[in-house]
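Residue numbers (the UniProt record's numbering), protein chains in the order written: chain G, 1 to 401; chain H, 1 to 401.
Note sheet for the following structure.
2 protein chains.
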Amino acid sequence: MSTSYQQQHKAGDLHFLKRLNRSAILELVRRTPGLTRADIASQAQLTKATVGAGVQSLLHQGWLREGELLKSSGGRPGRALHLNDERHVLFGAEVGVHGLRLVACTLSGQVLESHHEHLVPTTPEVTAELLAELLHGLMRAHLDGNRRCLGLGVALPGPIAPGKPVLRLAPNLGWRDIRFLDLLRPHLSRLEGTWLMDNEAKSAAFGELYFRTGNIPESLMYVSAGTGIGSGMVEGSHLPLVARGIQGLAGEIGHTVLQPGGLYCHCGNRGCAETLVSGWSIRAALGIAEEEDLIEALLPRLNEPDVQTTLRRAGEALGILLLNLHHTQNPSEIVLGGSLTQLGAPLLSPALDYFKANQSRLLGTTQQVPLRVIEDSTFVAARGAAAQVLASIIHGPSDLI
Amino acid sequence: MSTSYQQQHKAGDLHFLKRLNRSAILELVRRTPGLTRADIASQAQLTKATVGAGVQSLLHQGWLREGELLKSSGGRPGRALHLNDERHVLFGAEVGVHGLRLVACTLSGQVLESHHEHLVPTTPEVTAELLAELLHGLMRAHLDGNRRCLGLGVALPGPIAPGKPVLRLAPNLGWRDIRFLDLLRPHLSRLEGTWLMDNEAKSAAFGELYFRTGNIPESLMYVSAGTGIGSGMVEGSHLPLVARGIQGLAGEIGHTVLQPGGLYCHCGNRGCAETLVSGWSIRAALGIAEEEDLIEALLPRLNEPDVQTTLRRAGEALGILLLNLHHTQNPSEIVLGGSLTQLGAPLLSPALDYFKANQSRLLGTTQQVPLRVIEDSTFVAARGAAAQVLASIIHGPSDLI
DNA sequence: CCGACTAAGTTCAATCTCTTAACTTACTTG
DNA sequence: CAAGTAAGTTAAGAGATTGAACTTAGTCGG
């Protein structure tokens, strides 16, 4: 699992304990807005006195705010506590194959502003400079002296070296071994806080789990179907961890083999999932040029038989892929995003049908794993990267809490 | 991930902190035998005073023992610390399709005694009674008043309901929804400590990672190739967590689809990995009856062309399975066990060759993921279940530390 | 309208754990 | 054999949580 911010703390002192309790309080309110001090005390197994002191300091530092007085249940009514969305800002960005996406968002994950710049990234250096410029615009608008910047997260379309901020490979950008944050830093010296980068599907998965309130799934898998196909798995409701693998290859489901002896993939192997379902394989099957936008080109053609056949076959492969993930990692919830979801039923129905028909074969349960499709996932990864910044501060070694 | 013993502690008091530090000290010595108090202090970021007090209490309770005086490096020589293997005992058992396996082992994972009872389990009740009887033998031999029993772990051949001690399904035993510990308990009232049960591949994976000393891999996947085929994934060197999934289906790689439209599997779906590589599919392909021991039947026939073809095809499927796991979860290390490994090169060479040939395609690195084959994995799962007992005590809410 | 009741939140002395700093122990080196 | 160095111990002090008493702020019933 090993997320970058995971505490190496095997042991701790009193200061560590204090921070642990502060972050536990903050987490409880984050996940269940409107909790009272008394609720926190009973849920976190702390005394009223400790919670009182902790809440006091979190209020003072602008992490929490007091809300309405709750209905009394016979005694003194409790005071609702909420995240204070006014005093901090998180920045998230995604470098995609077809553009840059940026968000500024609050502690609770509310997007203050987003921006989508359509372009085909060229070199890492030029892309970093452009992204920095766009980020400057967001910073000007939201760092007005009232808000403190907590940091920047960048999502990238490829595996990241674990432990090091290095993009190992982005086949669809033609990039390899890029220290993208280092390219960004000279242009953004005034952006303070935590800087991090991650794979886009992993950032997206993290954000989808982390910003949720109420009933939190134990784990969540995000499947990103675009030019390539990748996934991110997040587990643990308290401190969600992202599965990375020793080389950052966890989630490279596009290169799992579904058809032994099948078509050659750009990775050199045969029968990879991406040869069956991916933006590039659909382009290849239908002869759509790189310059054209795949979705725009296909949406008017969905009634054509060859388009339908291609999408149905791709959808069937996607269904198998989803079922294989179910039997390999069995996430509590699957979220399907990426540009291909915009193609709708012709692609998705065969996938969802296969998954639904087969997911309960082993156990014979009626319990179904929820599978949610996000039609517009434009900012999901960028927002997820911002979520990772917040988590790194709440659970990491930072002293802001 | 969510192992049963994972602390729900979101917050803690001073007593919790003390236990955390004690368990950190114990973990450090466990992973690096021969550490001195000074080494622990620097590695755990604690002061000499805290470590001194912690070690004192762990010595007193029989967890640690003082060893030899180390070579001085100019000043007072440090005193080596080791796990005390004399004062505690862990019991582990596995209910397999072809027999019961039991071990008694020490804190450091050393097997004091093991027993393999060849039989085909009948009903859960009868099996539990027999297992209890065999365990009584081990208890008599090793609970001599000098040792305290820390608990019992039972490994079972099927998915376990997460959070509940229920075996959801064991297709090769014909069992379903069995509370095996509840069946065992009436016969073993004198076996004190933590009781737990888990899937055999998950127990095996856990034990292979947990009892290792020195350089610990960040994660480890155990692939169990026997009558069926399953896997277990463990991550995190400090507190290793076992991936289970929301229904306990994580690791059911035998039912990932490798051949769309392929043969029917007993689960009802088509083209599952188990239809290509598993004890039962090899039996089916070669017409070997259930009554015969598969390995004994095949070992003399390895030169026959149809046996070679069958095993080569199965091996190729196993290779694809391993590569898919590499691209889905990317473990730091893969361990291959289960009875089929005894078939040797005819099955394994195609698998290992395919994996080695393809694992570095994406990144183009020279770094290879180590893949180790265990020829005799008889007691791996039982010992792993014992490891899980130890972990549940060191990291769990128990007050023995 | 008012007093009894209940539960939320606060205050403060007590308790517990870690830390700092001085001290003791034990071996190496010249 | 004395100086030097590092391991390990001890005792006073600092800091965080706790428990109990207390204050606050509602509801409920007469």
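Heads up, the beta-carbon is just placed ideally off N, CA and C, and yes, glycines get one too.
Since the structure is predicted, the reported quantities are computational estimates derived from the model, not experimental observations.
{"Query": "Among G/Leu241, G/Gly337 and G/Ser398, the one whose alpha carbon lies nearest that of G/Ala372", "Result": "What sits at residue 372 of chain G in the sequence shown is Arg, not Ala. If we check each option's Cα against that of G/Arg372, G/Gly337 comes out closest."}
{"Query": "Close beta carbons around G/Gln110, own chain, < 7 Å, minus the five adjacent residues each side", "Result": "Asp85"}
{"Query": "Under 9 Å by beta carbon: chain G residues contacting H/Cys267", "Result": "Asn358, Arg361 and Leu362"}
{"Query": "Under 8 Å from the C-beta of H/Pro260: neighbouring residues of chain G", "Result": "Leu258, Gln259, Glu316, Ala317 and Ile320"}
{"Query": "Amino acids of chain H, ordered along the chain, whose beta-carbon sits closer than 8 Å to that of G/Asn21", "Result": "Ala11 and Gly12"}
{"Query": "Interface flag, G/Gln45 vs chain H, CB-CB below 9 Å", "Result": "yes"}
{"Query": "Rounded C-alpha distance that separates G/Leu150 from G/Leu183", "Result": "20 Å"}
{"Query": "Separation of G/Arg383 from G/Ile401, as counted between CA atoms", "Result": "22 Å"}
{"Query": "Any chain G beta carbon closer than 9 Å to H/Ala387", "Result": "no"}
{"Query": "Below-9 Å beta-carbon distance, G/His326 vs any chain H residue", "Result": "yes"}
{"Query": "Inter-residue Cα distance where the pair is H/Pro346 and H/Ala273", "Result": "18 Å"}
{"Query": "The stretch 54-74 of chain G / the stretch 117-130 of chain G touching (three or more Cβ pairs under 8 Å)", "Result": "no"}
{"Query": "is_contact[H/Ser2, chain G] using C-beta, thresh 9 Å", "Result": "With a pLDDT of 37 at H/Ser2, under the threshold of 50, the modelled position of that residue is not reliable, and the figure given next carries that caveat. Judged by the 9 Å Cβ criterion, H/Ser2 is in contact with chain G."}
{"Query": "Chain G contact for H/Gly92 (CB, 9 Å cutoff)", "Result": "no"}
{"Query": "beta-carbon G/Arg147 near the ligand GDP non-hydrogen atom, thresh 8 Å", "Result": "Ligands displayed in this structure: none; no statement on the ligand GDP is therefore possible."}
{"Query": "Nearest residue (CA-CA) to H/Cys267, options G/Asn199, G/Gly62, G/Pro162 and G/Leu362", "Result": "G/Leu362"}
{"Query": "Alpha-carbon to alpha-carbon, H/Gly228 and H/His326", "Result": "20 Å"}
{"Query": "Separation of G/Ser219 from H/Leu131, as counted between CA atoms", "Result": "35 Å"}
{"Query": "Nearest residue (CA-CA) to H/Asn199, options H/His142, H/Tyr354, H/Tyr210 and H/Arg244", "Result": "H/Arg244"}
{"Query": "Cβ pair count under 8 Å reaching 3, the stretch 164-173 of chain H against the stretch 350-368 of chain H", "Result": "no"}
{"Query": "Spatial neighbours of G/Phe379 in its chain, beta-carbon cut-off 7 Å, leaving aside the 5 residues before and after", "Result": "Arg101, Val103, Val111 and Ser114"}
{"Query": "Residue-level contact to chain G via CB, H/Pro157, 9 Å cutoff", "Result": "no"}
{"Query": "Members of the stretch 366-381 of chain H near chain G, C-beta cut-off 9 Å", "Result": "Gln367 and Val369"}
{"Query": "Endpoints, alpha helix (DSSP H) assigned at G/Val257", "Result": "Where G/Val257 is concerned, there is no enclosing alpha helix (DSSP H), given that its DSSP letter is neither H nor E."}
{"Query": "Helix, strand or coil at H/Val120 according to DSSP, with G and I counted as helix", "Result": "coil"}
{"Query": "Which of helix, strand or coil DSSP assigns to G/Thr227", "Result": "coil"}
{"Query": "Reduced DSSP secondary structure (H/G/I, E/B, other) of H/Phe379", "Result": "coil"}
{"Query": "Through-space distance from G/Asn324 to H/Ile320, alpha-carbon basis", "Result": "13 Å"}
{"Query": "H/Asp177 versus H/Gly96 - alpha carbon distance", "Result": "16 Å"}
{"Query": "Rounded separation between G/Val335 and H/Ala297 - CA only", "Result": "47 Å"}
{"Query": "Whether G/Tyr222 touches G/Ala201 by CB criterion (9 Å)", "Result": "yes"}
{"Query": "Where H/Ser219 falls: helix, strand or coil (DSSP)", "Result": "strand"}
{"Query": "Within-9 Å CB hit, G/Ser57 to chain H", "Result": "no"}
{"Query": "Where H/Ala243 meets chain G, residues with beta-carbon distance less than 7 Å", "Result": "Gln329"}
{"Query": "Inter-residue Cα distance where the pair is G/Leu209 and G/Leu239", "Result": "11 Å"}
{"Query": "Residues sharing a beta bridge with H/Ala345, DSSP", "Result": "BP columns for H/Ala345 are empty, so no partner."}
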